[in-house]
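Participant: Residue numbers (my numbering): 143 to 456.
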């Protein structure tokens with residue numbers, strides 16, 4: 143299975159410019175996007191049922207990616223039985239498929255429908271504060287719904303780091319979908335941080351997703367469920383560069399849509415120790431994963447980069 147490129151960020155990069163407007167690209171027709179627009183008006187239970195079916199098919203056919211999920215679960219949850227890991231692995235493929243199909247109405251459905259299905263709760267006042275704010279948004283499958291909730295409910299610039307897609311049509315669709323509400327500025331991941339930090343210091347909300355393995359160049363090794371994991375320390379570094387508060391936002395898929403929970407701002411963050419800060423980020427993330435293990439992005443090769451001398455796990 144080829145998984146779609148998730149929204150992602152670099153560690154402490156080089157000098158970003160906003161990603162080019164998608165209208166400058168010759169997109170053309172794309173059958174997958176046409177299908178998504180066709181199913182956007184369907185009732186949510188129908189879409190979720192279709193996602194359940196698609197997830198079962200992916201679990202059966204995408205053998206290499208299923209192995210990645212099983213390795214991740216074995217490393218992170220050695221206390222689980224094989225049967226339990228298989229159950230969670232099957233469910234994670236279902237959640238993956240359901241979240242992908244939900245992008246149909248998130249990106250092309252009426253705003254009223256999005257507001258009805260995506261519920262914002264928790265310490266929302268923390269995001270109304272005009273101070274520079276880093277939104278720590280882990281890679282749960284509902285992350286696009288979480289970003290949509292913020293652009294719908296807050297009148298302040300939303301900043302995000304953007305990975306251009308190989309297909310011009312898909313690139314335009316993703317770009318337009320993620321920026322359809324509010325004031326959204328997308329910065330190219332291949333560039334650096336100068337313009338991004340400047341926008342953040344001016345009161346922007348940076349929707350940051352640093353909990354992935356982007357290789358050894360910009361990563362440090364800190365524990366993730368007790369396993370040494372290459373992790374970009376961008377949350378700590380951006381917070382220091384922009385003198386920004388960190389507000390976690392965790393999005394949970396529910397039968398009626400998504401629940402987007404805003405956590406209180408972290409206290410005593412960042413510190414002078416970027417390794418300790420990044421280890422804290424992973425510890426906080428572990429606690430949230432334990433409440434909904436099948437909704438985390440286990441299809442990613444989280445442990446692909448190993449410390450010197452350690453053998454590969456995939």
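Cβ atoms here follow ideal geometry from the backbone N, Cα and C, with glycine treated the same way.
Keep in mind that this is a model prediction, so the values were computed, not measured.
#1: Can you have a look at residue 410 and say buried or exposed, based on whether 16 or more other CB atoms are within 10 angstroms of its CB?
#2: Just to confirm the assignment, what range does the alpha helix (DSSP H) spanning residue 293 have?
#3: Can you check which of these residues, 361, 249 and 341, is closest to residue 316 by C-alpha distance?
#4: Grouping DSSP H, G and I as helix and E and B as strand, with all else coil, what is residue 302?
#5: Evaluate residue 289 with the Cβ neighbour count: other Cβ atoms within 10 Å of its Cβ, from every protein chain shown; 16 or more gives buried, anything less gives exposed.
#6: Given 6 Å as the limit, tell me if residue 454 has its C-beta closer than that to any heavy atom belonging to the ligand MN.
#7: Using alpha carbons as the reference points, say which of 270, 376, 408 and 372 lies closest to residue 351.
#8: Name the residue from 454, 448 and 435 whose alpha carbon lies nearest to the alpha carbon of residue 235.
#9: Beta-carbon within less than 7 Å of residue 257's beta-carbon, same chain only, minus the 5 sequence neighbours each way: which residues are those?
#10: Nearest-angstrom Cα distance between residue 178 and residue 283?
#11: State the CB to CB distance for the pair residue 404 and residue 279, rounded to an integer number of angstroms; the pair is presumed to be in contact (CB under 8 Å).
#12: From what residue to what residue does the alpha helix (DSSP H) around residue 193 run?
#13: Between the stretch 357–375 and the stretch 208–222, do three or more beta carbon pairs fall short of 8 Å?
#14: Could you check what DSSP says for residue 339 in three-state terms: helix, strand or coil?
#15: Within 8 Å, do at least three Cβ pairs link the stretch 305–323 to the stretch 421–433?
#16: Compare the beta carbon distance of residue 275 and residue 387 with 7 Å and say whether it is the shorter of the two.
#17: Taking the CB atoms as reference points, tell me whether residue 347 and residue 300 lie closer together than 7 Å.
#18: If residue 211 and residue 440 are in contact, beta carbons under 8 Å, what's the gap, nearest whole angstrom?
#19: Within 10 angstroms of the Cβ of residue 254, are there 16 or more other Cβ atoms? Answer buried if so, exposed if not.
#20: Bridge partners for residue 370 per DSSP, in chain order?
#21: Could you check where the beta strand (DSSP E) with residue 387 kicks off and where it finishes?
#22: Where does residue 351 sit, in a helix, a strand or coil, going by DSSP?
#23: To the nearest angstrom, how far is the alpha carbon of residue 270 from that of residue 320?
#24: Let's test the definition: count the other Cβ atoms within 10 Å of the Cβ of residue 200 and tell me whether it reaches 16, buried, or not, exposed.
#25: State the DSSP-derived secondary structure class of residue 401, mapped to helix, strand or coil.
Facilitator: So, from the listed chains and residues:
#1: exposed
#2: Per DSSP, residue 293 is one residue of the alpha helix (DSSP H) stretching across 285–295.
#3: 249
#4: strand
#5: buried
#6: Only the bare structure without any ligand can be found here, which leaves the ligand MN out of the picture.
#7: 376
#8: For residue 235, the closest C-alpha among the options 454, 448 and 435 is that of 435.
#9: 294
#10: 17 Å
#11: Contact flag wrong, Cβ pair sits at about 11 Å.
#12: 186–203
#13: yes
#14: For residue 339, the secondary structure class from DSSP, reduced to helix, strand or coil, is helix.
#15: no
#16: yes
#17: yes
#18: 5 Å
#19: exposed
#20: 365
#21: 387–396
#22: coil
#23: 20 Å
#24: buried
#25: strand
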